[in-house]
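Engineer: Attaching a single structure in structure tokens format; questions to follow.
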């Protein structure tokens with residue numbers, strides 16, 4: 001029953017929503033989605049989860065209706081915690097999913113800012129990075145879509161709902177629990193050393209003296225992941 | 001109420017107009033109306049859309065000067081290939097907004113307000129790349145907010161499952177998207193539908209009657225009119241055709257062939273070509 005890297009990451013994503021209560025959990029991508037469903041079925045049963053269209057699902061049963069216009073209202077009301085992806089992320093958690101290069105004529109057009117500006121100013125946000133590398137963890141994000149701690153601090157009262165909670169990657173879990181909200185290494189996944197993480201990060205990371213190993217999913221969690229949530233093992237394609 | 005053809009709608013548009021398009025991503029887009037625009041010389045349009053292949057096709061056809069959006073995506077394929085190429089060539093202007101700001105801009109226009117305040121956008125580069133965006137300070141306590149300007153439209157195009165001859169429209173899928181707001185934000189709104197019934201002939205839950213005849217200027221019967229985007233419960237997204245579209249869009253010679261196969265004739269010719277595409281796939285898959 002040794003957990004795979006993907007299974008460790010699913011449990012780490014689930015942890016992001018611990019203690020959130022009855023709010024809308026919006027995971028973007030397969031591993032965060034499995035994490036949110038794992039959390040809902042174990043330690044965070046009050047979480048609300050969407051089917052990706054307009055229905056709220058709880059253990060396979062429709063419990064609510066949430067079309068996009070209602071999602072926007074939940075965002076503004078702060079009753080949501082989203083886990084987004086990030087093409088770029090800087091040390092204060094400024095995120096870019098819009099484009100790479102000069103915005104006026106980008107080298108690579110990506111998703112656009114989507115809901116990232118509104119998410120980050122209104123409610124807790126976490127990030128999932130499947131390939132931890134200096135290309136993602138950069139000195140400066142080219143087009144700040146989701147805002148980080150330095151920018152939120154500059155907004156005064158208007159920034160009071162901002163929180164970037166955790167960044168889960170294929171190597172580690174990162175957070176912002178430092179005096180000036182610079183990114184910190186919270187834990188490394190089993191088999192990963194601290195040097196590997198700092199080398200894959202394009203800015204100096206705050207590293208505590210003792211770096212714990214990421215919590216491993218227990219037998220019940222592994223059984224849920226393997227038998228109920230992802231019997232087709234899609235997780236192994238996303239994270240071999 | 002005018003009962004119109006897709007071509008009639010395109011003929012009412014003018015170059016330089018601001019056109020709002022309903023649906024979301026690759027979901028319930030008024031594609032028959034978009035295809036009708038592709039057969040015209042309309043140019044320099046500003047497109048306001050939660051963008052999908054509507055935006056991509058209009059860009060590819062050379063009809064677009066500017067896009068107002070928060071994303072342009074095919075949903076199951078993350079990036080719209082024509083939009084991506086046009087951005088990387090610097091071929092179109094872009095007003096890039098947070099999705100919630102786009103909603104708010106339509107709501108402001110529908111309510112005939114000059115702007116609506118929102119928290120979204122503060123601190124982000126949306127304000128950097130849109131230097132015309134202004135902030136306002138609350139008169140009730142000093143908090144600073146973004147003033148999203150009204151996104152007033154010359155015309156709105158939407159597609160619903162059902163409509164009646166009086167101009168009332170009904171959605172039967174899970175999400176209304178923002179189609180009612182697009183209509184109210186526009187000087188003229190055109191509603192295409194899978195099935196047109198006589199006035200007063202719409203059945204089903206009254207709360208599915210999303211738009212009423214006060215919001216609509218013309219109704220168009222267009223079965224398959226959202227293809228290849230989804231129009232549930234009438235049909236799902238045609239994923240195989242969308243993949244074919246995306247592959248063709250990534251290669252100039254394949255795109256020429258795609259245009260010749262699907263976009264040179266009228267709507268009936270398009271639907272016939274799509275049927276042949278489906279039959280060819282079914283034959284190839286047969287044992």
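Residue numbers (our numbering), protein chains in the order written: chain A, 1 to 240; chain B, 1 to 287.
Every residue gets a Cβ at the ideal spot worked out from N, C-alpha and C, and that includes glycine.
Closer than 8 Å is the cut-off here; do at least three beta carbon pairs connect the segment 98–109 of chain B with the segment 148–166 of chain B?
Structural biologist: The segment 98–109 of chain B vs the segment 148–166 of chain B: in contact.
Engineer: Using only the alpha-carbon positions, how far apart do residue 102 of chain B and residue 110 of chain B sit?
Structural biologist: Their Cα atoms are separated by approximately 12 Å.
Engineer: Any idea if residue 212 of chain B is buried or exposed, counting beta-carbon neighbours within 10 angstroms, 16 or more meaning buried?
Structural biologist: Exposed: under 16 other Cβ atoms inside 10 Å.
Engineer: Quick one, are the C-beta atoms of residue 124 of chain A and residue 81 of chain A less than 8 Å apart?
Structural biologist: Yes, Cβ-Cβ distance for residue 124 of chain A and residue 81 of chain A is below 8 Å.
Engineer: Against residue 140 of chain B, what residues of chain A qualify as contacts under a CB-to-CB distance less than 9 Å, listed in chain order?
Structural biologist: None at all; the shortest Cβ gap to chain A is about 12 Å.
Engineer: Smallest Cα separation from residue 83 of chain A: which of A:38, A:129 and A:195?
Structural biologist: Per the Cα distances, A:129.
Engineer: Between which two residues does the beta strand (DSSP E) holding residue 50 of chain B run?
Structural biologist: It is not in any beta strand (DSSP E) - residue 50 of chain B carries neither H nor E in the DSSP assignment.
Engineer: Applying a beta-carbon distance threshold of less than 9 Å, which residues of chain A neighbour residue 174 of chain B?
Structural biologist: What residue 174 of chain B touches in chain A: 51, 53, 54, 55, 65 and 67.
Engineer: In the DSSP assignment, what are the bridge partners of residue 162 of chain B?
Structural biologist: Its beta-bridge partners are B:170 and B:195.
Engineer: Say whether chain B places a C-beta atom closer than 8 Å to the C-beta of residue 24 of chain A.
Structural biologist: It does not; no Cβ of chain B falls within 8 Å.
Engineer: For a contact meaning CB atoms closer than 7 Å, what does residue 170 of chain B contact in chain A?
Structural biologist: Result: empty, since nearest Cβ-Cβ is about 15 Å, beyond 7 Å.
Engineer: Mind listing the chain B neighbours of residue 82 of chain A? Cutoff is C-beta to C-beta under 7 Å, in chain order.
Structural biologist: Correct list: empty, because the minimum Cβ distance to chain B is about 12 Å.
Engineer: When the cut-off is 8 Å and only beta carbons count, does residue 117 of chain A lie next to chain B?
Structural biologist: So, interface residue.
Engineer: Whose C-alpha, out of B:40, B:112 and B:224, is nearest the C-alpha of residue 269 of chain B?
Structural biologist: Nearest C-alpha to residue 269 of chain B: B:224.
Engineer: Step through the CB atoms of chain A and report whether any lies within less than 8 Å of the CB of residue 151 of chain B.
Structural biologist: No, because no Cβ of chain A sits closer than 8 Å to the Cβ of residue 151 of chain B.
Engineer: List the endpoints of the continuous beta strand (DSSP E) containing residue 81 of chain A.
Structural biologist: Looking at the DSSP string, the run of the beta strand (DSSP E) that includes residue 81 of chain A is 80–84.
Engineer: Just to confirm, are residue 20 of chain B and residue 258 of chain B a CB contact at a threshold of 8 Å?
Structural biologist: Not a contact, by the Cβ cut-off of 8 Å.
Engineer: For residue 238 of chain A, I'd like the list of residues in its chain whose CB is within less than 8 Å of its CB, leaving aside the five on either flank, ordered along the chain.
Structural biologist: Answer for residue 238 of chain A: 6, 29, 30, 31 and 130, listed in chain order.
Engineer: Suppose you measure from the CA of residue 333 of chain B to the CA of residue 196 of chain B; what does that come to, to the nearest Å?
Structural biologist: The shown model of chain B, from 1 to 287, leaves out residue 333 of chain B, and the question about it has no answer.
Engineer: With 8 Å as the threshold, decide whether the Cβ of residue 287 of chain A is near any Cβ in chain B.
Structural biologist: This structure cannot settle anything about residue 287 of chain A, because the visible part of chain A is limited to 1 through 240.
Engineer: Please identify, using Cβ separations under 7 Å, the residues of the segment 105–134 of chain B that lie next to chain A, in order along the chain.
Structural biologist: Those residues of the segment 105–134 of chain B that come within reach of chain A (Cβ to Cβ, closer than 7 Å) are 119, 120, 121, 122, 123, 124, 125, 126 and 129.
Engineer: Are the CB atoms of residue 10 of chain B and residue 32 of chain B nearer to each other than 8 Å?
Structural biologist: It is not a contact, given that the beta carbons lie outside the stated cut-off.
Engineer: Would the beta-carbon of residue 216 of chain A fall within 8 Å of that of residue 3 of chain A?
Structural biologist: Contact: yes.
Engineer: In chain A, which residues lie less than 9 Å from residue 177 of chain B when you measure between Cβ atoms?
Structural biologist: In chain order: 67, 68 and 69.
Engineer: Counting only beta-carbon atoms, is residue 88 of chain B nearer than 8 Å to chain A?
Structural biologist: Answer yes: the Cβ-Cβ gap between residue 88 of chain B and chain A drops below 8 Å somewhere.
Engineer: If the criterion is Cβ atoms closer than 8 Å, does the pair residue 74 of chain B and residue 52 of chain B meet it?
Structural biologist: Cβ atoms of residue 74 of chain B and residue 52 of chain B: closer than 8 Å.
Engineer: Roughly how many whole angstroms lie between the Cα atoms of residue 263 of chain B and residue 120 of chain A?
Structural biologist: Their backbone Cα atoms lie some 41 Å apart in a straight line.
Engineer: I want to verify the contact list: residues of chain B whose CB lies under 7 Å from the CB of residue 121 of chain A, in sequence order.
Structural biologist: 119, 120, 122 and 123, listed in chain order.
Engineer: Run the CB neighbour count on residue 54 of chain A, radius 10 Å, all protein chains shown included, and call it buried at 16 or more, exposed below.
Structural biologist: With 16 or more Cβ atoms within 10 Å of its Cβ, residue 54 of chain A is classed as buried.
Engineer: Using three-state DSSP, classify residue 9 of chain A as helix, strand or coil.
Structural biologist: It is helical.
Engineer: Identify whether residue 183 of chain B lies in helix, strand or coil by the three-state DSSP scheme.
Structural biologist: In the structure shown, residue 183 of chain B sits in a helix (DSSP, three-state: H, G or I).
Engineer: Less than 8 Å between CB atoms is the rule here; does residue 152 of chain A satisfy it with respect to chain B?
Structural biologist: Chain B, which has a Cβ nearer than 8 Å to the Cβ of residue 152 of chain A, makes this yes.
Engineer: Between the alpha carbons of residue 113 of chain A and residue 87 of chain A, how many angstroms are there, rounded?
Structural biologist: Taking the straight line from one Cα to the other gives about 11 Å.
Engineer: By the DSSP assignment, the beta strand (DSSP E) with residue 221 of chain B in it spans what residues?
Structural biologist: Where residue 221 of chain B is concerned, the enclosing beta strand (DSSP E) stretches over 218–221.
Engineer: In this structure, how does DSSP classify residue 215 of chain A when only helix, strand and coil are distinguished?
Structural biologist: Residue state, collapsed to three classes: coil.
Engineer: Shorter than 8 Å from the beta carbon of residue 239 of chain B to some beta carbon of chain A?
Structural biologist: False, the Cβ-Cβ gap to chain A never drops below 8 Å.
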